[in-house]
Amino acid sequence: MTLEEKAALCTGASAWTTTPVERLGVPEMIVADGPHGVRRVPDVNSLALGSLPATCFPTASCLASTWDVDLLRKMGEALAEECIALNVDVLLGPGANMKRSPLGGRNFEYYSEDPYLAG
């Protein structure tokens, strides 16, 4: 990729789509966020608020406290099915960071401050 193609891919075509790199056959991709589910907006080219109906799963810290790997696997499968149904190519979550400080504003997205549990 050229520097311009890399920059265009990283900055995106809109808030919810990537810029395609036609020369290399890289298509536009739709992204969605939401640490507890697939939050997809109705119009990916608009900055309007709102989202399509989606499943809301428990927070990462609740899920981690179960120590149930099979439950998390099933949740991942459900997220994948929703992404496919909503035409989402990239899901921006769940968070894989660790809670380093109780003041972290996004701690609810992460599994734990315990490296064993979060890993």
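The sequence shown begins at -9 in this note's numbering and counts up one residue at a time. Just so you know, even glycine gets a beta-carbon here, dropped at the ideal spot from N, CA and C. Predicted model, so just to flag it, every value in this text is computed and none were measured.
Residue i vs residue j beta-carbon contact at 7 angstroms
{"i": "L69", "j": "D23", "result": "no"}
{"i": "M19", "j": "T8", "result": "yes"}
{"i": "V11", "j": "E(-5)", "result": "yes"}
{"i": "A54", "j": "S102", "result": "yes"}
Rounded Cβ spacing between residue i and residue j (contact assumed at less than 8 angstroms)
{"i": "C46", "j": "G27", "result": "5 angstroms"}
{"i": "V31", "j": "S41", "result": "6 angstroms"}
{"i": "Y100", "j": "A50", "result": "6 angstroms"}
{"i": "A108", "j": "M88", "result": "5 angstroms"}
{"i": "P84", "j": "P48", "result": "That belief does not hold up - the Cβ atoms of P84 and P48 are roughly 11 angstroms apart, past 8 angstroms."}
Span of the alpha helix (DSSP H) around residue i
{"i": "D60", "result": "59 to 75"}
{"i": "L42", "result": "Where L42 is concerned, there is no enclosing alpha helix (DSSP H), given that its DSSP letter is neither H nor E."}
{"i": "L(-1)", "result": "-7 to 1"}
Enclosing beta strand (DSSP E) for residue i [first to last residue]
{"i": "A22", "result": "21 to 23"}
{"i": "L14", "result": "No beta strand (DSSP E) contains L14, which DSSP labels as neither H nor E."}
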